[in-house]
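Okay, here's the thing in structure tokens:
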């Protein structure tokens, strides 16, 4: 990556992910992402990349310490620590995983970028793919590990497998995964004889009723860029590729028209200084909002009942997959094998189930989701069933140079157009120009 862009990423990372994942809150608990078209999974060995390819035969691993950088805090960090301590105590090789908390996602992204330039990366790290596009040559290619030493890769949720093949090889394993869902005030909906909307048209009908009867907005989105990406997909429209915007067309205009009408008619609102809509809905100042499934614990439903539903759709069902993967940078062959043992442990059905129930994230294995343990948990949890009902149509982040910067640009541009009460064509033109300005430099 050119020095200029490297510095730009370092300078903007904290601002972008602070805004999207936790100003005033734990950044680990409200996952946000701009979802993109999913790259089809490939089993080729990535000869076209410079990523390291390593044998996955874990015989004769020598005792060693593995450095793992993460951005989990509060309950998530406590559970990660508990799982890691269990692995450290029980693995047969004398492997010790050392957890290093790097703050929030913005901090972690900045430090990874800086250490990639200095060639001082840790053995393992949490990461979004769109952080990695400038230094994929530092990633360890996990193809052989998965092929030779993994318990049923097909058991991993398909959307997560696709996401970890975006670079043409298996670049990581899914870890703290979530998705966007619709949180709504069920008590208010029941009072007005409404049910959670399932389509764009139903959302408009619900919104008109709530505005007329209660005088409040019906919906908001924690992540405008994620909303825009998902709604384009729901309308059968592409988002971006390496060359720029792909939505400068009839479908794109139709999508932007729908979005702008929601805001211009007073059916939707921006979050403002609250940063996340969990505070707004807790105070019953909005009827519903779309946010990360991990945000449920921040909603305080006093004297009213919280409902949770899948995202609305139009021609196509699409829901944002959020949360990071764990990637490997270890250069030493022994440490690579040791790190792989830890990754296998974290993605085991038992560990991913425990992690999900303790933190509000989702199990990464289908077998874990279908287990009696997790099914019992879901019976008493409103969020998990809605989240997992979307697992068959998750869409993941775009991952190429510049895609990380598009997130900030789309958020800022769309917010500006909403504040200006722009007409749909003006808003579309502004979004196309802004995205192309990032990707066509």
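Residue numbers (the numbering used here): 4 to 444. We treat Cβ as the ideally placed atom computed from N, Cα and C, and that holds for glycine.
Taking 8 Å as the threshold (beta carbon to beta carbon), is residue 103 in contact with chain D?
No chain D appears in this structure, which consists of one protein chain only.
Outcome for residue 268 when other beta-carbon atoms lying within 10 angstroms are tallied against a minimum of 16:
exposed
Tell me residue 407's beta-bridge partners as DSSP assigns them.
In DSSP, residue 407 forms no bridge with anything.
Give me the Cα-Cα distance between residue 204 and residue 318, rounded to the nearest whole angstrom.
11 Å
In terms of alpha-carbon separation, which member of 166, 409, 149 and 357 lies closest to residue 89?
357
How is residue 281 classed by DSSP in three states: helix, strand or coil?
helix
Option nearest residue 160 by Cα separation, candidates 76, 303 and 182
182
Throw me the rounded Cβ distance for the residue 225 and residue 294 pair, which I believe falls under 8 Å.
4 Å
Alpha carbons only, please: which of 124, 98 and 96 is nearest the one belonging to residue 73?
124
Please determine, among 341, 291 and 68, the residue with the shortest C-alpha to C-alpha distance to residue 198.
291
Please report the straight-line C-alpha distance between residue 423 and residue 272, rounded to a whole angstrom.
13 Å
Going by C-alpha distance, which of 276, 248 and 206 is nearest residue 264?
206
Would you be able to state if there are at least three C-beta pairs under 8 Å between the stretch 303–314 and the stretch 63–70?
no
Using DSSP's beta-bridge definition, name the partner residues of residue 90.
None, per the DSSP bridge assignment.
Going by CA-CA distance only, name the one from 324, 220 and 178 that's closest to residue 396.
324
Residues near residue 427 by beta carbon distance below 7 Å, same chain, minus five either side:
256, 259, 260 and 263
Counting along the chain, where does the beta strand (DSSP E) carrying residue 293 start and finish?
291–295
Do residue 340 and residue 69 have their C-beta atoms within less than 8 Å of each other?
no
I'd like to know whether the C-beta atoms of residue 363 and residue 300 end up nearer to each other than 8 Å.
yes
In this structure, does DSSP put residue 137 in helix, strand or coil?
coil
Per-residue DSSP class, three states only, for residue 337:
helix
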